[in-house]
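Scroll down for the structure; my scribbles are underneath it.
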Amino acid sequence: MARIKVYELRQKTKAELLNQLKDLKAELALLRVAKVTGGAPNKLSKIKVVRLSIAQVLTVISQKQKAALRDAYKNKKYLPLDLRPKKTRAIRRRLTKHQASLKTEREKKKETYFPMRKYAIKRPFALTSKCSPVTLPCFIFKNFLSV
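What follows is the structure in structure tokens.
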């Protein structure tokens, strides 16, 4: 049996895939018997190909099942654990953005009654275009301290 193309497997139904899996397992059993009885070398090398084909069929079956489950749980509130994003344990336990942004009544009142003050620094008269942008903050800060 030649190697199976996975794109061909994806087009098959679940029943066809299970049927093919059964056939491949039967073939593998025959090849193992041939190995023990001292079969031809080409049969021994075929074991690897058949095992790979079995793995491919099983992979396609599980992927199809998972895709069907994703569709079934698409608009549900809770997802099964294996369909949730893996991430890391610490990230999964973190607060959500909404939970982190919530504020207590006291905090809200404090912010409304005492808002952040806005300051504007006047441009000193002595400043001309000769000042470089690097020395400008130092100049303003020195004048601010001297006042």
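Letter 9 of the sequence shown, counting from 1, is numbered 9 in the UniProt record's numbering, and no numbers are missing. Where a beta carbon is used, it is the ideal one built from N, C-alpha and C, also for glycine. Remember, it's a predicted structure, so these values are computed and weren't measured experimentally.
- If you check the CB distance, residue 43 and residue 34 come in under 7 Å.
- Three or more beta-carbon pairs separated by less than 8 Å link the stretch 14-31 to the stretch 39-54, which places the two stretches in contact.
- Closest by C-alpha distance to residue 14, out of 70, 59, 102, 82, is 59.
- Between residue 9 and residue 65, the beta carbon gap of about 14 Å keeps them out of contact (Cβ cut-off 8 Å).
- In this structure, the alpha-carbon of residue 71 lies about 11 Å from that of residue 79.
- Remark: C-beta atoms of residue 17 and residue 61 approach each other more closely than 7 Å.
- Residue state for residue 7 is assigned as helix, using DSSP reduced to three classes.
- Contact between residue 46 and residue 69 is absent: CB atoms are separated by about 35 Å, not below the 8 Å threshold.
- For a cut-off of 8 Å, the C-beta gap from residue 81 to residue 73 is around 12 Å, too long to register as a contact.
- With fewer than 16 neighbouring CB atoms inside 10 Å of its own CB, residue 11 falls in the exposed class.
- Secondary structure at residue 120: coil, using DSSP grouped into helix, strand and coil.
- Between the alpha carbons of residue 98 and residue 108 lies a distance of about 16 Å.
- DSSP places residue 113 in the uninterrupted alpha helix (DSSP H) bounded by 105-113.
- As the crow flies, the alpha-carbon of residue 103 is around 58 Å from that of residue 4.
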